[in-house]
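Residue numbers (this note's numbering): 590 to 748. Think of the CB as a built atom: it goes at the ideal place given N, C-alpha and C, for glycine as much as any other residue.
Structure below.
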């Protein structure tokens with residue numbers, strides 16, 4: 590008899606485990622169903638809002654819509670033009686600043702040369718550094734698309 594009671598207890602434990610598994614699966618399904626239901630509700634609400642917007646658009650005259658779009662297009666074109674002008678202005682300012690800095694470096698070089706006339710080693714080193722600065726400035730101008738006019742202007746200032 591003890592064998593059958595032990596067997597019955599083991600079967601009861603197995604059934605309890607299966608019930609727990611089924612309960613967990615049911616909870617998971619309930620959560621998924623709730624999430625899906627919320628998603629469907631959100632989709633319905635979105636569809637209703639789209640329909641309301643379409644109704645409002647239908648009641649407005651087409652000419653009003655076209656005029657609104659044309660006005661937006663004009664504003665966009667004006668902003669694009671202003672953007673181009675600002676870019677051009679920025680490039681001009683950068684070029685002018687580079688030219689000013691180049692002239693400043695050149696003046697500092699001349700000042701240092703005037704103060705260090707006695708040491709030929711320092712003079713040679715300063716000349717090499719000046720040449721490198723001029724070369725890097727010209728390369729920067731070329732990379733930034735600054736025309737030959739600024740390079741010529743720089744040469745004119747040099748003389």
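Residue burial is scored here from C-beta neighbours: residue 652 has fewer than 16 other C-beta atoms within 10 angstroms and is therefore classed as exposed.
Rounded to the nearest whole angstrom, the CA to CA distance from residue 604 to residue 595 is 14 angstroms.
Where residue 651 is concerned, the enclosing alpha helix (DSSP H) starts and stops at 651-704. Contact check between the region 653-669 and the region 681-693: fewer than three CB pairs, one atom from each, fall below 8 angstroms, which does not count as touching. Looking only at 701, 703 and 688, the smallest Cα-Cα distance to residue 725 is reached by 688. With contacts defined by Cβ atoms closer than 9 angstroms, residue 722 and residue 694 form a contacting pair. Residue 606 and residue 639 have their C-alpha atoms spaced approximately 50 angstroms apart.
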